[in-house]
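In what follows, a single structure is set out as C-alpha cells and then discussed.
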Amino acid sequence: MMIRIKHWAARAQHQAFGLRDFERLDVTRGALTVVSDDGEDCNLRFAELLGRSGVAGCFAVADDFIGRPGFLSYSHLRELQQAGHEIAFHGRKSVAFDIFHDAEVLRSDIEAGLNRLRSEGLVVSNLVYRWGTSTRSARRLLAPLCSSACVPWSGLNERVTNRYALRRIAFGAYTGRSSHTQEWFFNVVESAAKGQAWPILMLHPGAAGHTAEHDAMLRKILQHARHAGLPVRTLSDQLAALGVGAPTAIAAAQPIGSSDTRKASRA
Numbered sequence: 003m004m005i006r007i008k009h010w011a012a013r014a015q016h017q018a019f020g021l022r023d024f025e026r027l028d029v030t031r032g033a034l035t036v037v038s039d040d041g042e043d044c045n046l047r048f049a050e051l052l053g054r055s056g057v058a059g060c061f062a063v064a065d066d067f068i069g070r071p072g073f074l075s076y077s078h079l080r081e082l083q084q085a086g087h088e089i090a091f092h093g094r095k096s097v098a099f100d101i102f103h104d105a106e107v108l109r110s111d112i113e114a115g116l117n118r119l120r121s122e123g124l125v126v127s128n129l130v131y132r133w134g135t136s137t138r139s140a141r142r143l144l145a146p147l148c149s150s151a152c153v154p155w156s157g158l159n160e161r162v163t164n165r166y167a168l169r170r171i172a173f174g175a176y177t178g179r180s181s182h183t184q185e186w187f188f189n190v191v192e193s194a195a196k197g198q199a200w201p202i203l204m205l206h207p208g209a210a211g212h213t214a215e216h217d218a219m220l221r222k223i224l225q226h227a228r229h230a231g232l233p234v235r236t237l238s239d240q241l242a243a244l245g246v247g248a249p250t251a252i253a254a255a256q257p258i259g260s261s262d263t264r265k266a267s268r269a
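For what it's worth, our numbering labels the leading residue of the sequence shown as 3, then goes sequentially.
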C-alpha cells in the first residue's frame, strides 16, 4: 500500500510541474523494448527466448546482488552484453531512492554502483528505479549520470515524454488489475508501428506471477511486432534512434564522480 501511495504522489508531482528541458524526449519513431528486472539467474533462459526471437532485451541489475546464489554473475552479464543485450542499473541492495534524504549520499551510492558495473567491463547508461521510486529531485540528480530511467507507471511513451520517467507496461508478474490480453498487446504494437509511441514492457521472469504461458505470449507479441514493422530495440538503441547519446562520463569511458558531473547535477 505504501509503495502505491508513493507512486501516486510521484505521478501527481510530475503532472503538476510538467517537464523540464533536460527531461524532455520527443518520441518521433516507434519501437518496442523489453526490460527484465532484478537480475535473477532465470534471465539466462529468458535471454535465450529473446535470442530465438531475433531480438535483444535489457536486463536491470542491482550490483550488490550480482553473483549471489540465484542471481546472475558478472560473467553472465558480460555474456549477455556480448550477445547484444543491454545491462541497466537497478540501484544497490533492495533500497528505494527516496530513503536517501541527503542528495550527496544518494549520488555517491548511484555513482558507486555504476562504477562497479563498469569496472567489470559492462557498458551501463540507463537506470531502472528500485521499487519504482522517482521524484523530481532524483531525476535532476540522475540526469548527468544516465541517459534515461524507467518507472513502473503504466502507460505508453508517446509524442513528448519524460526520459527520466519512462513508463512501462507490466507483463506477467506484478500486473495488479492491469493484466492485459494478447489482443490488447497486439493493438499496442500496431499503434506504435505507426510512429510516435514507445511501449516498454516490464518483466520479472523470476517472480511467481510470470509463467510459461507468458513466455509463449511474449514470443507471439515479438513475432507480431516483426510483421507490423515495429523494431524491437534496447533502451540505448531506441534513444540513439531518437537522437539521444550517452552522458559525457559514460561516453568517455571514465569513472563517474568528477567535479563537472556534480556541478551539472546541481544546475
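Heads up, the beta-carbon is just placed ideally off N, CA and C, and yes, glycines get one too. Predicted model, so just to flag it, every value in this text is computed and none were measured.
Selected residue, minimal CA-CA separation from residue i, among the options
i	options	result
T236	K196, G115, I89	I89
S75	V107, A105, E42	E42
N159	V153, R169, S150	R169
E25	T183, P201, P146, D111	P146
A64	H92, I223, S181	H92
A114	A98, R94, K222	R94
T137	A33, P154, G245, L241	P154
V162	L108, G197, F188	G197
L232	A195, S156, M219, S55	A195
K222	A242, N189, G211	N189
V157	A172, F73, H226	Note that residue 157 is Gly in the sequence shown here, rather than Val. For G157, the nearest C-alpha among the options comes from A172.
Check whether residue i and residue j have beta carbons under 8 Å apart
i	j	result
A58	D39	no
V126	R132	no
L244	L27	yes
N164	C148	no
Separation of residue j from residue i, as counted between CA atoms
i	j	result
T30	G20	20 Å
S193	A199	7 Å
L116	G123	11 Å
W186	D239	25 Å
Y176	H216	13 Å
V246	A33	15 Å
L108	Y166	16 Å
R22	L144	13 Å
T263	V36	Legend: pLDDT at T263 = 46, less than 50; position of this residue unreliable, no value from coordinates given.
Neighbour flag for residue i against chain B, beta carbons, 8 Å
i	result
D65	Absent here is chain B; the protein component of the structure consists of one chain.
Residue i - partner residues in DSSP beta bridges
i	result
M204	V37, A172
N128	S150
K179	The sequence shown places Arg at residue 179, not Lys. Paired residue(s): none; R179 is not in a bridge.
C26	Sequence inspection shows Arg at residue 26; the Cys mentioned does not correspond to that position. Its beta-bridge partners are N164.
A90	A62
A230	In the DSSP output, where bridge partners are listed per residue, A230 has none listed.
Problem set entry | Stretch pair the region 207-221 + the region 42-52: three plus CB contacts closer than 8 Å | yes
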